[in-house]
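Below: the structure, in structure tokens.
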Amino acid sequence: MIYQGKQKIWADYQKEIPDNHWFYVRSCIRQNFFPGAEKMFLEICRGLLKKDIFETEHHTTCGGIAYHCDTIPQETVMTIVARQFALMTEAGYENYVASCITSFGNYIEILETWKEFPELETRIREMLWKACKREFNKPKYVAHASDLIYKYRNEIAARAKFRLVNRFTGEPLKVVEHIGCHYAKMFPARGVGGAEYPYVLCGMIESWGGNVIDYPERRHCCGYGFRQYHVKANRGYSLSNTYKKFESMEPYHPDFILTNCPGCPYFMDRWQYVIAETEGKTYGENGYGIPVLTYEELASLVLGYNPWDIGLQLHQVAVEPLLDKIGIEYDPKEKYKGLNEKDLMRPELPGVLRCC
Amino acid sequence: MKENIVIIGGGIAGLEAACQLLDLGYKPIIIEKSDHLGGHVADWNCLFPDMTPAGDIVSALISKAADANIFLNTEISFVNKLQDSYNIMLSNGISIITRIMLVTTGFSVFDASKKEEYGYGVYDQVITNKDLEHWFNTGDDRRVNDSAMNAIGFVHCVGSRDEKARNSQCSKVCCITAVKQAIEMKQKFPEAMVYCFYMDLRMFGKKYEDFYISAQRDYGIRFIRGRVSEVSENIDGRVIVKAEDTLSGKPVKVTLDLLVLMAGMVCSQDSTKVANMIKLPLDSDGFLKSADNVADIIDSPKEGIFYAGACTGPKTVPETLAEARAAALKIHLYIMKK
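For the protein sequence lines, the chains are A and B, in the order given. Using this note's numbering, the first residue of the first sequence is number 124, and each one after it goes up by one. Using this note's numbering, the first residue of the second sequence is number 138, and each one after it goes up by one.
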């Protein structure tokens, strides 16, 4: 591996990310999978870094899931997106940040399509007006939320209470970074670092003290792949993709996996349980799995937030061994207590995959 | 004969044209920006299809062209158009008045790092066709580990016939060069598996098809019809190549000790620079535009400016030499008519 070769590519794929004033749209599914992630994005950006991040309860899905499942036509998706842009315009913003990778890819694809086919944009504007009497300006900048955390990575590092260093060995933690397919594979210039060697998560890992692992199936899909999972008959294919990735990263003994997509952390986390049950195989140390984190969760951990306040108890793979390595203190008794001490109840422990 | 003929570029086209012009009684001037003559061929080891040593070809040309006025390490600073001629100012401070220029600026090798998915410049065991020839010549390249060479791959059409690389033309020589280099590697490492990943095999030249058949029959080289999709590195530092075998309709994944990218030909920056100075047009393929691509390939649209070799498009060595001879004759006839 020639690190300077990657640096050269990273230098070629840097994008402008304004420092402040963003219109934020959430993902359809992330709050169900990793409920602390989006909350912590807002907490870090607004509360800690004092950035202006606006969100409205009136926004909807971007339509990306249905589009990538081939169940609705692109014109419908475009009209949904046009409405989102109208909400941004009405709120007085021109920078648009999406929590979801597929949404981000969807917005970029639509804006590029309108650039190539302006008559289509005109038609969508007419359709939006007919549907809900709204008008919109196209965003000046479109970013994924991980672009913003990447942008703020050094500010976060400066305030960090923990580094990504194994406190038992003093060595940097070995981190697999997994980028959502729709981040830059369609439009490489719109992603930090391009499509082949994206830097957006690498930059965070390096800035916070970890070492990035490059393994053979790094570019491979997590296994979600929309039609691989949502078409029930294809779910074995979804699982086999995830299995392929874990087999490929296994020799590198990663301490955890960092992701920036709604589906990727979910499938890489939950399918480890299924692989363990069906194959009897686990990939972490001592029978545990490899923890999978979102970039918001990781940023929150290095900043010193309580692991149970950021939703890590909802992960299938136990995060405690990772917390121990980093030196983050936690109270096991508090793990399954929700807001106002509400008992969340303990999940049944799996038969093969070791959990806490 | 007193007539300044300026040859821009001291590769094999420039040298061969100079040899012919010397035979015709002229004293041409060769301007070469590097410190040696012979261009890309001087960096090559053997030439297809007879494994002719490239050094022999270049040495013979340099020897025959020795009586020309040769400026090494010299570039053209600027060109002024006079009434019937040009004033060429060289980087060494010499000024030449001429009404005849022969452009032999050749080509550049496509920058393989632009095809990011192949990992050139990122993964240790990924090299180009040019790097391999350098290794054949010198044995000096830390990326080639000759103590552990069990599997080798060649990727055809790197930066050629590739809209994504903004290079839609075929580079013409890469197919046969890959066959040649694959055979050479098999000769050096008889136990190694050697794969060629290709789109089409364009074996148009004399004895090329025989060479290709020999590669399969006599050397057991495996030709896989399909483009490589991505290259990565495993924990041992070996490269993993994913491709599709379009004939069997199956994905292929192989682990290799060396991957050689057949980087194609693109118009050289020197050609573009000269074109800007003399206001010569570029063709849609990015190379210099001839007066006519069928009847007048060596004529530029400007009087007194001629072309030879790969500055007008990818060419083989024999084609380049033939063009250089034709250009020399054309220049001679041009002078005679005036």
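Glycine included, C-beta positions come from ideal geometry on N, C-alpha and C.
Residues sharing a beta bridge with Thr189/B, DSSP: Within the second sequence, the letter at position 52 stands for residue 189/B. Paired residues: Leu184/B.
Members of the stretch 313-339 of chain A that neighbour chain B once the beta carbon cut-off is set at 8 Å: Within the stretch 313-339 of chain A, the residues whose Cβ lies closer than 8 Å to some Cβ of chain B are Gly317, Ala318, Glu319, Tyr320, Asp337, Tyr338, Pro339, listed in chain order.
Cβ neighbours of Ile449/A in the same chain (closer than 6 Å, five flanking residues each side left out): Here residue 449/A corresponds to residue number 326 of the first sequence, with the count starting at 1. Residues Phe285 of the same chain have their beta carbon placed closer than 6 Å to that of Ile449/A, with the five preceding and five following residues left out of the count.
Cutoff 8 Å: Asn141/B Cβ touching any chain A Cβ: Numbered from 1 along the second sequence, position 4 holds the residue referred to as residue 141/B. Residue-level contact check: Asn141/B does not touch chain A, since none of the beta carbons of chain A fall below 8 Å from its beta carbon.
Contact with chain B by Tyr375/A, beta-carbon distance below 8 Å: Position 252 of the first sequence, counted from the start, is the residue given in the question as residue 375/A. Residue-level contact check: Tyr375/A touches chain B, since one or more beta carbons of chain B fall below 8 Å from its beta carbon.
Any C-beta of chain A under 8 Å from that of Asp268/B: Counting from 1 along the second sequence, the entry for residue 268/B is found at position 131. Not an interface residue.
Segments of 4+ residues assigned as alpha helix (DSSP H) that fall wholly inside the stretch 339-380 of chain A: Qualifying alpha helix (DSSP H) stretches, in chain order: 350-353, 358-372.
Option nearest Tyr366/A by Cα separation, candidates Ile125/A, Arg153/A, Ile413/A: One-based indexing of the first sequence puts residue 366/A at position 243. With distances taken between Cα atoms, Tyr366/A lies closest to Ile413/A.
Meets three-Cβ-pair contact criterion under 8 Å: the stretch 381-397 of chain B and the stretch 260-270 of chain B: As far as the Cβ criterion goes, the stretch 381-397 of chain B touches the stretch 260-270 of chain B, which means the pair count is three or higher.
is_contact[Lys368/A, chain B] using C-beta, thresh 8 Å: The residue you call residue 368/A lines up with position 245 of the first sequence. Answer no: the Cβ-Cβ gap between Lys368/A and chain B never drops below 8 Å.
Ile184/B classed as buried or exposed, judged by whether at least 16 other C-beta atoms fall within 10 angstroms: For this step, residue 184/B is matched to residue 47 along the second sequence. With the sequence shown as reference, residue 184/B is identified as Leu, and Ile is not the correct amino acid for it. Leu184/B should be labelled buried.
Buried/exposed call for Met322/B, threshold 16 Cβ in 10 Å: What you label residue 322/B is simply residue 185 of the second sequence in a count that begins at 1. So Met322/B ends up on the buried side.
From Ile166/B, Val281/B, Glu381/B, residue whose alpha carbon lies closest to that of Gly146/B: As a position in the second sequence, residue 146/B is number 9, starting the count at 1. Closest option to Gly146/B, Cα to Cα, is Ile166/B.
6 Å Cβ shell around Tyr411/A - same chain, five flanking residues per side excluded: If you number the first sequence from 1, residue 411/A lands on position 288. For Tyr411/A, same chain residues with a beta-carbon under 6 Å away, outside a window of 5 residues either side, are Ala441, Pro444, Arg477 in chain order.
Cutoff 6 Å; reference Asp407/B; Cβ partners in own chain excluding five residues on either side: As a working mapping, residue 407/B is identified with position 270 in the second sequence. Once the five neighbours on either side are set aside, the close Cβ partners of Asp407/B are Thr242.
Exposed unless 16 or more other CB atoms sit within 10 angstroms - verdict on Arg276/A: Stepping through the first sequence from its first residue, residue 276/A is reached at position 153. Buried is the call here.
Assigned secondary structure, Pro311/A (DSSP; H/G/I helix, E/B strand, else coil): Here residue 311/A refers to the residue found at position 188 when the first sequence is read from its first residue. It is helical.
Proximity test, Cβ basis, 8 Å: Gly407/A and chain B: Sequence index remark: in the first sequence, residue 407/A carries index 284 (1-based). With 8 Å as the cut-off, Gly407/A does not count as an interface residue toward chain B.
Minimum Cβ-Cβ distance from Glu153/B to chain A less than 8 Å: Numbered from 1 along the second sequence, position 16 holds the residue referred to as residue 153/B. Chain A places no beta carbon closer than 8 Å to that of Glu153/B, leaving this residue out of the contacts.
Rounded separation between Leu466/B and Leu158/B - CA only: Looking up residue 466/B in the second sequence gives position 329. Looking up residue 158/B in the second sequence gives position 21. Answer to the nearest angstrom: the Cα atoms are 8 Å apart.
8 Å contact criterion, which Phe178/A and Ala209/A should meet: CB distance rounded: Within the first sequence, residue 178/A is the residue found at index 55, counting from 1. Within the first sequence, residue 209/A is the residue found at index 86, counting from 1. It should be pointed out that residue 178/A corresponds to Glu in this sequence rather than to Phe. Separation of the CB atoms of Glu178/A and Ala209/A is rounded to 15 Å, and the pair is thereby denied contact status at 8 Å.
Glu381/B at chain A interface by Cβ criterion, 8 Å: The residue labelled residue 381/B in the question sits at position 244 within the second sequence. Chain A contact via Cβ: absent.
Beta-bridge pairing of His301/A - partner residues as DSSP gives them: Stepping through the first sequence from its first residue, residue 301/A is reached at position 178. Within the DSSP secondary-structure output, His301/A pairs in a beta bridge with Thr382/A.
Assigned secondary structure, Arg393/A (DSSP; H/G/I helix, E/B strand, else coil): Taking the first residue of the first sequence as position 1, residue 393/A is located at position 270. DSSP, read as helix, strand or coil, puts Arg393/A in helix.
Sufficient close CB pairs (3 or more, under 8 Å) joining the stretch 430-437 of chain A to the stretch 357-371 of chain A: With the rule of 3 Cβ pairs closer than 8 Å, the stretch 430-437 of chain A does not count as touching the stretch 357-371 of chain A.
Under 8 Å between C-beta atoms of Leu381/A and Val298/A: Translated into the one-based positions of the first sequence, residue 381/A becomes position 258. Translated into the one-based positions of the first sequence, residue 298/A becomes position 175. Contact flag set, yes.
Near-chain A residues of the stretch 360-381 of chain B - C-beta to any C-beta below 7 Å: Cβ contacts with chain A come from Glu367, Ser369, Glu370, Asn371, Ile372, Ile377.
Continuous beta strand (DSSP E) assignments of at least 3 residues falling wholly in the stretch 290-338 of chain B: Under the rule that a run must span 3 or more residues, the beta strand (DSSP E) segments found entirely inside the stretch 290-338 of chain B read 330-335.
Burial state of Gly403/A, where buried means 16 or more other Cβ atoms lie within 10 Å: Locating residue 403/A in the first sequence gives position 280, counting from the first residue. That one is exposed.
Sequence-distant residues of the same chain with beta carbon closer than 7 Å to Gly228/B, five excluded per side: Reading the second sequence from its first residue, position 91 is the one you call residue 228/B. The question names Gly, but residue 228/B in the sequence shown is Ser. If we look at Ser228/B and ignore the five residues flanking it on each side, its Cβ neighbours are Thr211, Glu212, Ser214.
Residue burial classification, His267/A (beta-carbon count within 10 angstroms, cutoff 16): In the first sequence, the residue the question calls residue 267/A occupies position 144. So His267/A ends up on the buried side.
Beta carbon proximity, Ile231/A to chain B, threshold 8 Å: As a position in the first sequence, residue 231/A is number 108, starting the count at 1. Interface with chain B (8 Å Cβ-Cβ cutoff): Ile231/A is excluded.
Members of the stretch 240-253 of chain B near chain A, C-beta cut-off 9 Å: Hits within the stretch, in order: Ser250, Glu253.
Alpha carbon of Asn260/A to alpha carbon of Thr212/A, nearest angstrom: To locate residue 260/A, count along the first sequence from 1; it is residue 137. To locate residue 212/A, count along the first sequence from 1; it is residue 89. Each residue's alpha carbon lies about 6 Å from the other.
Nearest-angstrom Cα separation, counted from Glu180/A out to Cys192/A: Within the first sequence, residue 192/A is the residue found at index 69, counting from 1. Within the first sequence, residue 180/A is the residue found at index 57, counting from 1. In a straight line, the C-alpha of Cys192/A is about 25 Å away from that of Glu180/A.
Beta strand (DSSP E) segment containing Pro388/B, residue limits: Position 251 of the second sequence, counted from the start, is the residue given in the question as residue 388/B. Pro388/B -> beta strand (DSSP E) spans 387-393.
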